[in-house]
Amino acid sequence: MNDPSTAGPAIALAGVNLSLGQGAARVHILKDIDLHICTGEAVGLVGPSGSGKSTLLMVMAGLERTDTGTVLVAGAMLNKLDEDALARFRGRNVGIVFQSFHLIPTMTALENVAVPLELAGVADAEARARAELESVGLSARLDHYPAQLSGGEQQRVAVARALAPNPAILVADEPTGNLDEDTGRQIIDLLFAGHAQRGTTLVLVTHDAGLAARCGRVVRLRSGRVEPGQ
Ligand code: ADP
Ligand code: MG
6 MNDPSTAGPA
16 IALAGVNLSL
26 GQGAARVHIL
36 KDIDLHICTG
46 EAVGLVGPSG
56 SGKSTLLMVM
66 AGLERTDTGT
76 VLVAGAMLNK
86 LDEDALARFR
96 GRNVGIVFQS
106 FHLIPTMTAL
116 ENVAVPLELA
126 GVADAEARAR
136 AELESVGLSA
146 RLDHYPAQLS
156 GGEQQRVAVA
166 RALAPNPAIL
176 VADEPTGNLD
186 EDTGRQIIDL
196 LFAGHAQRGT
206 TLVLVTHDAG
216 LAARCGRVVR
226 LRSGRVEPGQ
């Protein structure tokens with residue numbers, strides 16, 4: 006496992022501002038964000054609803070572009086990449102887990118994990134996908150479609166999909182928000198195991214203070230700004 010205190014930055018944001026929406030509905034969401042997350046760190050991202058947590062996660066994942074500032078993730082300056090390069094970057098470097106699972110309903114569990122690996126040009130995509138699904142306890146569910154799986158099982162597939170490419174960073178946006186407490190804890194354990202075993206940098210958005218405390222550091226957002234002292 007990497008030692009966060011000596012490793013370089015996995016994520017470095019400087020002077021980031023981001024607005025979304027058009028005309029009178031335009032909202033200034035992220036304000037003057039400077040944030041440094043070391044390789045191998047686990048960071049809990051907390052703050053009130055609407056404070057910009059999901060938007061900030063999407064910036065780190067290369068799914069949302071900023072208006073100003075620089076976004077350095079896993080050695081790539083995301084604000085300099087075109088859409089194709091950004092898509093390739095995401096496929097190789099970023100694992101994402103959403104609250105609502107976001108599996109592709111027309112694909113089996115195995116296909117949901119294997120297809121993104123194939124698109125990223127990974128050899129043995131299917132064998133890798135099987136192994137990842139096995140490691141989240143789903144070897145008996147490979148050929149099931151998402152609608153045939155429980156919420157917890159669907160989120161396990163999503164975790165397997167996120168970890169399969171051995172991404173540099175793993176971001177999770179309230180990954181237990183749709184699950185009961187026991188099931189949610191199992192999902193969190195899988196995310197932390199992936200982080201610990203692979204040295205993956207983890208950014209976890211959560212409402213749960215206890216969960217945030219499991220991370221090495223907590224970053225608090227308020228009205229689109231990082232609260233000082235972090
Ligand atoms: P959080 O995840 O902390 O609840 P979000 O990042 O989802 O916060 O949203 C931050 C703010 O940005 C909210 O006020 C939300 O309404 C606003 N917002 C999010 N997406 C858009 C959008 N596409 N257009 C306009 N405003 C948006
Ligand atoms: Mg959110």
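Per the working numbering, the sequence shown runs over residues 6 to 235.
Virtual Cβ for every residue (Gly too), placed ideally from N, Cα, C.
- Shortest gap from the CB of I16 to any heavy atom of ligand 1: 7 Å or more.
- Boundaries of the beta strand (DSSP E) around G100: 99-102.
- By the beta-carbon neighbour count (other beta carbons within 10 angstroms, threshold 16), T71 is buried.
- For D178, the shortest C-beta to heavy atom distance toward ligand 2 is below 7 Å.
- Per the Cβ contact rule, the region 71-85 is not in contact with the region 109-118 (fewer than 3 Cβ pairs under 8 Å).
- Boundaries for I38: no alpha helix (DSSP H) harbours it, while the beta strand (DSSP E) harbouring it runs 32-43, taken from the DSSP string.
- According to the DSSP assignment, A15 belongs to the beta strand (DSSP E) that extends over 14-25.
- The secondary-structure analysis by DSSP pairs L50 across a beta bridge with V210, V224.
- Judged by beta-carbon spacing, V141 lies beyond the 8 Å limit of L207, meaning their Cβ atoms are not closer than that value.
- Under the DSSP assignment, G74 falls outside any alpha helix (DSSP H), being part of the beta strand (DSSP E) whose first and last residues are 73-78.
- Here V141 carries a coil assignment [DSSP, helix/strand/coil].
- For ligand 1, no non-hydrogen atom lies closer than 7 Å to the CB of A214.
- With a threshold of 16 other beta carbon atoms within 10 Å, S59 meets it and is buried.
- A distance below 7 Å between beta-carbons, with the five flanking residues on each side excluded, links A134 to the following residues of its chain, in chain order: L115, V118, A119, L122, A169.
- N98 sits close to I174, with the two beta carbons spaced by under 8 Å.
- Within the same chain, Cβ atoms closer than 8 Å to the Cβ of M82 are found at T75, V76, the five residues on either side in sequence being excluded.
- In the three-state reduction of the DSSP assignment, V127 falls in the coil class, being assigned neither a helical nor a strand state.
- In this structure, G221 and A92 do not form a Cβ contact; the two beta carbons are roughly 30 Å apart against a cut-off of 8 Å.
- Residue pairing of I174 in beta bridges, as defined by DSSP: V99, T206.
- Looking from the CA of G13, the closest CA among I34, H33, T44, Q153 belongs to T44.
- With fewer than 16 other CB atoms across the displayed protein chains lying within 10 angstroms of its CB, L124 is exposed.
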